[in-house]
Amino acid sequence: MHGGGGFLIPYFIMLVLEGIPLFYMELAIGQKMSLGSIGAWTAISPYLGGVGLASVVTSLYLCLYYNIINAWSFWYLFHSFQSVLPWAVCPINSNQTGPLEECEIATPTQYFFYRETLNISPSIEEHGGVSTGQAMCLVLAWILTYLFIVRGVKSTGKVVYFTSVFPYVVLFIYLIRGMTLHGAINGVKYMFTPKLEQLLDPTTWINAATQIFFSLGLGFGTLIAFSSYNHYNNNFERQAIIVSLINCSTSIFASIVTFAIYGFKATVNYENCLERTRLLLLNTFDLAEDSMSMDQVFDWIEKLNTTYPLQFAEIANQLENCNLESELDTAVEGTGLAFIVYSEAIKNMPLPQLWSVLYFFMLLLLGMGSMLGNVTAIITPLRDFKILSHLSDELLNGLVCVFCLLLGLGFTTTSGNYWFTMFNDYGANFSLLFIVLIEVIAVSYIYGIKRFEKDIEDMIGHRPNWYWKIMWAGISPVLLITLFVVYIVNYIRGGTPTYQAWNKELGKSVVTDYPVFGQVFIGLLLVSSVSCVPLTALYVFCRKRKHGNLHQRKRAVSTVSTVLQLNTATMPN
5 MHGGGGFLIP YFIMLVLEGI PLFYMELAIG QKMSLGSIGA WTAISPYLGG
55 VGLASVVTSL YLCLYYNIIN AWSFWYLFHS FQSVLPWAVC PINSNQTGPL
105 EECEIATPTQ YFFYRETLNI SPSIEEHGGV STGQAMCLVL AWILTYLFIV
155 RGVKSTGKVV YFTSVFPYVV LFIYLIRGMT LHGAINGVKY MFTPKLEQLL
205 DPTTWINAAT QIFFSLGLGF GTLIAFSSYN HYNNNFERQA IIVSLINCST
255 SIFASIVTFA IYGFKATVNY ENCLERTRLL LLNTFDLAED SMSMDQVFDW
305 IEKLNTTYPL QFAEIANQLE NCNLESELDT AVEGTGLAFI VYSEAIKNMP
355 LPQLWSVLYF FMLLLLGMGS MLGNVTAIIT PLRDFKILSH LSDELLNGLV
405 CVFCLLLGLG FTTTSGNYWF TMFNDYGANF SLLFIVLIEV IAVSYIYGIK
455 RFEKDIEDMI GHRPNWYWKI MWAGISPVLL ITLFVVYIVN YIRGGTPTYQ
505 AWNKELGKSV VTDYPVFGQV FIGLLLVSSV SCVPLTALYV FCRKRKHGNL
555 HQRKRAVSTV STVLQLNTAT MPN
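In this note's numbering, each number is its position in the sequence shown, counted from 1, plus 4.
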């Protein structure tokens, strides 16, 4: 989580003010209309069809790059069965004289992820061929996705039970193991220690909102798609509250496991740093091995600096800044957390192969569960189009999967990870803020709260209470407008967008400006989905106006014809 405990505060606030009310709203819309996102919003108003279309585009973007994470999970899972985990040691250099220098500088875990897994190029401008291993894993991920959805919701529902339940088993096992690791408590303390200065950063609130959107599936059309298959009188209100709270609790539970593992990793790095410093001091000042413990390193540094200032000055630049808090502050987010940090912690555990198989199998199931929802959010609205309604589930689902696979192969090239990062950073966050904002405004002020209340009463037998109505009509839209404006301002003030480019000589990622074509593509990502809303409304307006003018002309011609007929009938012979 962003900022440890400081992130929990905006996370819970966003859950109450945005997450639960909007989750309820999307379930109600899908169940009432019994249509996918495009059909549901078109039924509310023809001018709002673009909201559903924007959701489909956003879900498509997510499907394109999200399944590559499942491909990485397959890759790591297959490599977990080796006698020595490949990310635990550095490969031998070409001269067979020792470990590869780049790997030693970067650490084995980072080298395996960036160079062995991604085969990453130095920049987004340097394109290379497709990585065969990653491409095959991506094909496998899409085949598995297709098999899970081949028969539509009937097969998807059964799969979701397993992909939802089994990760809890693995997380519980990891919780027990994680909390017994040395230094795990340091990570848990870090998680629940608020950094209140984070609350002053608007980005924290935007991250909290988008985290809620992603975890609950808001704005993607997933909830509308799934709830469209519900019985008309299904009690979605109870489901909205229970599922939202379970989802939130699961996020906290998973975070505790993650920070326990991260605390172990940070503590090991910190103690290794102290040990290197201790050995340097012992060798420099010819001290006895047992004269200094790791707990006394800082005391000895102060003592030796005072007693032997000249000799100490000679090694001062070799001393590392060992700090546990700094190690915890360098938490890697996203894919780095899932693959680099966890794999580094796993390699230091007893029986690392066992823990590696459990972890990456769990990660794969979670990823596949997310894919099922997003593919369904694409397929269900397509079913609402007459031109596609005659296609069988097997054929339509297969066409969607093949289409996404072909486009997704671009992420398996040497520069593919940079494009992955671009989609991850700009493909959904801005769009979701805009889509959810339009949704709540449309329901409250276009469709109407009173009309929406009657629909809910017709379905579940009673009207929503004051909490839901206050959120939909006032607090949620105002908060979303604020976040939306802040996002735009931050993007404009942020200057040229940057990405992390791998530097082979330094053995780490360095901040690099996107080239012009990258900045243009980012702009297209930001506007491509949100532009669906005004463009669709404009299209409907022009079409209605054209049909209205045509109808008026037909009425005029009919009137003139009628007058002529009357005049002819009344003329004398």
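We treat Cβ as the ideally placed atom computed from N, Cα and C, and that holds for glycine.
Just so it is clear, the structure is predicted and the values come from calculations on it, not from any experiment.
**OP:** Taking all protein chains shown into account, decide if Ser259 is buried (16 or more other Cβ within 10 angstroms of its Cβ) or exposed.
**Re:** Counting of Cβ neighbours within 10 angstroms places Ser259 among the buried residues, the total reaching 16 or more.
- Task: Assign Asn74 to buried or exposed, taking buried as 16 or more other Cβ atoms, counted over all protein chains shown, within 10 Å of its Cβ.
- Result: Asn74 should be labelled buried.
| task | Round the Cβ separation of Leu21 and Ser419 to the nearest angstrom and send it over; I've been treating them as touching at under 8 Å. | result | Not quite, the Cβ-Cβ distance comes to about 40 Å (not below 8 Å), so this is no contact.
- Message: I need the straight-line Cα distance from Lys454 to Gly23, nearest angstrom please.
- Response: 22 Å
If you count every other CB in all the chains shown that lies within 10 Å of the CB of Asp388, and 16 or more means buried, which is it?
buried
Practice prompt. Would you decide whether Gln100 is buried or exposed? Buried here means 16 or more other CB atoms lie within 10 Å of its CB.
Written response: exposed
(message) Classify Ile228: buried if its beta carbon has 16 or more other beta carbons within 10 angstroms, exposed otherwise.
(response) buried
Margin query: Whole angstroms are fine: how far does the CA of Val447 sit from the CA of Phe16?
Written below: The straight-line gap from Cα to Cα measures roughly 24 Å.
> Distance, Cα to Cα, Thr214 vs Leu436?
Replying inline: 7 Å
Given a cut-off of 8 Å on the beta-carbon distance, is the pair Leu185 and Ala264 in contact?
yes
Can you round the beta-carbon distance between Ile216 and Leu19 to whole angstroms, since I take them to be within the 8 Å contact cut? 6 Å
### Closest residue to Cys94 among Leu369, Gln202, Leu367 and Glu106 (Cα-Cα distance)
Glu106
message: For a minimum of 4 consecutive residues, which ranges assigned as the alpha helix (DSSP H) are wholly contained in the stretch 435 to 509?
response: 453 to 464, 470 to 474 and 480 to 497
Would Glu398 and Val154 be called neighbours here (beta carbons separated by less than 8 Å)? yes
Quick one: what's got a C-beta closer than 8 Å to Pro576's C-beta in the same chain, skipping five residues either side? Note that Pro576 has pLDDT 48, beneath the 50 cutoff, so the model's placement of it is unreliable and no number is given.
- How would you label Ile210, buried or exposed, when you count the other beta carbons within 10 angstroms and need 16 or more for buried? buried
Next on the checklist: Using the Cβ count rule (16 or more neighbours within 10 Å means buried), how would you classify Gln300?
Outcome noted: That one is exposed.
Whole angstroms is fine: what's the gap from Ile13's alpha carbon to Ala32's? 28 Å
What residue range is occupied by the uninterrupted beta strand (DSSP E) comprising Val515? That run of the beta strand (DSSP E) goes Lys512 to Asp517.
(Q) Mapping the DSSP letters down to three states, classify Thr254 as helix, strand or coil. (A) helix
Coarse secondary structure for Pro538, derived from DSSP in three states:
helix
| message | In the DSSP assignment, the alpha helix (DSSP H) including Pro112 goes from what residue to what residue? | response | Pro112 to Tyr115
*asked:* Please state whether the Cβ-Cβ distance between Leu26 and Leu222 is less than 8 Å.
replied: yes
* Burial state of His83, where buried means 16 or more other Cβ atoms lie within 10 Å -> The Cβ neighbour count for His83, taken over all protein chains shown within 10 Å, is at least 16; the residue is labelled buried.
Practice prompt. With a floor of 4 residues, list each alpha helix (DSSP H) that falls wholly inside the stretch 165 to 208, ordered by position along the chain.
Written response: 188 to 195
Next item on the list: For my contact list, Gly225 and Pro385 are in at a C-beta cut-off of 8 Å; report their separation, rounded to the angstrom.
Entry: 7 Å
Counting only the same chain and skipping the five closest in sequence on each side, list residues whose C-beta sits under 6 Å from that of Cys277. Glu324 and Cys326
Discussion item. With DSSP as the reference, identify every bridge partner of Pro103, one or two as the case may be.
Written reply: Bridge pairing for Pro103: Ile96 [DSSP].
**Study point:** Short Cβ contact (8 Å threshold) for Gly54 with Ala44
**Key:** It is not a contact, given that the beta carbons lie outside the stated cut-off.
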